[in-house]
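Residue numbering for the sequence shown follows our numbering, starting at 1363 and increasing by one per position. Here the structure is laid out as structure tokens; the discussion comes afterwards.
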Amino acid sequence: MKIIKALEAPEAPNPHGISARGLHETEHVQAVMVTLQPGEALKRHVTPVDVFFYVLAGRGIVEIGDEREEVSPDMLIVSPARIPHRLLNESENDAAFRFLVVKTPRPTKATKIL
């Protein structure tokens, strides 16, 4: 058994310039916890694999292809491979937007920033 305290995992450098903490990675899956502060956003990008986002805290905006929706805790968002997407925190208060990113299978090709 392996237990990871997500908020104690080290932050990893990333092309988005935001807080991302790698929680688990094998050849089959990658799990990362992302925290966006008000005004922060992931850059629009394309992944070579399907991605699942599970909202842990706060409210945010998810854009996948031409769709744009507000999301909140306990929502699961499915983002198909090769479709441009990004998540944003447009909050006007101090609320962080925290979500789990799960990629399966673990990508062997790089994410493409648009």
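The beta-carbon is built from N, C-alpha and C at its ideal position, and this holds for glycine as well.
(request) Kindly list the residues whose CB is nearer than 7 Å to the CB of residue 1378, restricted to its own chain and excluding five residues on each side of it in sequence; keep chain order. (result) Cβ within range, chain order: 1404 and 1405.
(request) For residue 1422, count neighbouring Cβ atoms within 10 angstroms of its own Cβ and tell me buried if that reaches 16, exposed if not. (result) Residue environment: residue 1422 is assigned as buried (16 or more neighbouring CB atoms within 10 Å of its CB, all protein chains considered).
(request) Would you check if there are 3 or more beta carbon pairs closer than 8 Å linking the region 1446–1453 to the region 1368–1377? (result) Put simply, the region 1446–1453 does not touch the region 1368–1377. Fewer than three CB pairs are less than 8 Å apart.
(message) Distance check for residue 1436 and residue 1456, CA to CA, integer angstroms please.
(response) Distance between the alpha carbons of residue 1456 and residue 1436 is about 20 Å.
(message) Residues in the same chain with beta-carbon distance under 6 Å from residue 1392, minus the five sequence neighbours each way, listed in chain order, please.
(response) Apart from sequence neighbours up to five positions away, the residues of its chain that approach residue 1392 with a beta-carbon distance below 6 Å are 1465 and 1468, ordered along the chain.
(message) Once the 5 residues before and after residue 1472 are set aside, which same chain residues still bring their CB inside 7 Å of it?
(response) Spatial neighbours of residue 1472 in its own chain (CB-CB distance under 7 Å, excluding positions within 5 residues in sequence) are not present.
(request) In angstroms with no decimal places, state the Cα-to-Cα distance between residue 1453 and residue 1424. (result) Between the alpha carbons of residue 1453 and residue 1424 lies a distance of about 13 Å.
(request) Would you decide whether residue 1401 is buried or exposed? Buried here means 16 or more other CB atoms lie within 10 Å of its CB. (result) By the 10 Å Cβ count, residue 1401 comes out exposed.
(request) Put residue 1369 into one of helix, strand or coil per three-state DSSP. (result) Three-state DSSP puts residue 1369 in a helix.
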